[in-house]
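Engineer: Using our numbering, the letters of the sequence shown map in sequence onto residues 45 to 149.
We put the beta carbon where it would ideally sit given N, CA and C, even for glycine.
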Amino acid sequence: MKFLDKHEAYLKYFVDEFRKRRGLKLKGSCSCCGSCCDGKIRVFHMNTETMTVDLIKRKEEVCPNYNTETKKCNMYNDDRPILCQLFPYVPENLYPNCGYYFEKE
Ligand code: SF4
Ligand code: SF4
Numbered sequence: 045m046k047f048l049d050k051h052e053a054y055l056k057y058f059v060d061e062f063r064k065r066r067g068l069k070l071k072g073s074c075s076c077c078g079s080c081c082d083g084k085i086r087v088f089h090m091n092t093e094t095m096t097v098d099l100i101k102r103k104e105e106v107c108p109n110y111n112t113e114t115k116k117c118n119m120y121n122d123d124r125p126i127l128c129q130l131f132p133y134v135p136e137n138l139y140p141n142c143g144y145y146f147e148k149e
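1. Hey, how far is the Cα of residue 47 from the Cα of residue 140?
2. Apart from the five residues on each side of it in sequence, which residues of its chain come closer than 8 Å, Cβ to Cβ, to residue 58?
3. Residue range of the alpha helix (DSSP H) that residue 103 falls in?
4. Quick one: complete beta strand (DSSP E) runs, 3+ long, within the segment 50 to 96?
5. What I want to know is whether the C-beta of residue 131 ends up closer than 8 Å to one or more non-hydrogen atoms of ligand 2.
6. Considering Cα atoms alone, identify which of 88, 83, 61, 135 is closest to residue 101.
7. Kindly indicate the opening and closing residues of the beta strand (DSSP E) around residue 148.
8. Thinking residue 84 and residue 103 are a contact (beta carbons under 8 Å), I'd like their distance in whole angstroms, please.
9. In terms of alpha-carbon separation, which member of 92, 68, 54, 111 lies closest to residue 76?
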């Protein structure tokens, strides 16, 4: 992962802490399969009381990084927005063929 700015580092810290509080550790890596993004930007709420991650909004406009021909993100690298890089946040977000998995700490 490239050097993160303050805002990105905070978001990464928050997601890491959220997982830790659930006793989870993210393992594996992204195989760039494209399953988890159809270009429509999703907004999640990480609820620290219920410790759930809830989808609260799905925007209609398509992300400029989404390639409608390949049906994949054009930037599966460190230039992606941090919240895309950090996905899946918790096991409930996992897609069946995802290269990531979670282990109990
Ligand atoms: S940057 Fe890539 S992964 Fe993130 S919403 Fe856009 S197309 Fe999807
Ligand atoms: S489903 Fe997993 S492996 Fe596939 S693009 Fe999303 S994060 Fe990467």
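Structural biologist: Answer, in terms of the structure:
1. Taking the first residue of the sequence shown as 1, we reach residue 47 at position 3. Taking the first residue of the sequence shown as 1, we reach residue 140 at position 96. For residue 47 and residue 140, the distance between alpha carbons rounds to 30 Å.
2. Position 14 of the sequence shown holds residue 58. Excluding sequence neighbours, residue 58 sits near 90.
3. As a working mapping, residue 103 is identified with position 59 in the sequence shown. Per DSSP, residue 103 belongs to no alpha helix (DSSP H); it is in the beta strand (DSSP E), 96 to 106.
4. 68 to 72, 84 to 91
5. Sequence index remark: in the sequence shown, residue 131 carries index 87 (1-based). Yes, the beta carbon of residue 131 sits closer than 8 Å to at least one heavy atom of ligand 2.
6. Locating residue 101 in the sequence shown gives position 57, where the first residue counts as 1. When only C-alpha atoms are compared, the closest one is 88.
7. Here residue 148 refers to the residue found at position 104 when the sequence shown is read from its first residue. Per DSSP, residue 148 belongs to the beta strand (DSSP E) from 144 to 148.
8. As a position in the sequence shown, residue 84 is number 40, starting the count at 1. As a position in the sequence shown, residue 103 is number 59, starting the count at 1. Rounded, the Cβ-Cβ distance is 6 Å, consistent with contact.
9. Here residue 76 is taken as the residue at index 32 of the sequence shown, counted from 1. When each option's Cα is compared against that of residue 76, the closest is 111.
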